[in-house]
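Residue numbers (the working numbering): 16 to 116.
Below is the structure:
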């Protein structure tokens, strides 16, 4: 172990002040900085999740817009939707709901 330490101490690479500064800078940026490598990875994963979520909501908005256009296209479509979704009836009609168990 001691010969290895001697080699490291006598190494020209570690005696160079610019190389020491570069190594310290790299260590600082990699681990101690506010935007270190761990934080960078978390941000990248979060960005990916947000992009997937954005794509999901865009598809949902597009489907809802198509449904709105269908409802606006005619009174018959609007009446059908109101009857199916909200159980609405005309004043002279009776509504019977069958609940399956």
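Beta carbons: idealized from backbone N, C-alpha and C, even for Gly. Keep in mind that this is a model prediction, so the values were computed, not measured.
Checking 9 Å against the spacing of the C-beta atoms, do residue 86 and residue 96 come in under that value? Numbered from 1 along the chain shown, position 71 holds the residue referred to as residue 86. Numbered from 1 along the chain shown, position 81 holds the residue referred to as residue 96. Their beta carbons are under 9 Å apart, which means residue 86 touches residue 96 by this criterion.
Given residue 113 as reference, the closest of 102, 107 and 106 once Cα atoms are compared: Within the chain shown, residue 113 is the residue found at index 98, counting from 1. Taking only the C-alpha atoms, the option nearest residue 113 is 102.
Residue 83 versus residue 93 - alpha carbon distance: Position 68 of the chain shown holds residue 83. Position 78 of the chain shown holds residue 93. Whole-angstrom Cα-Cα distance: 10 Å.
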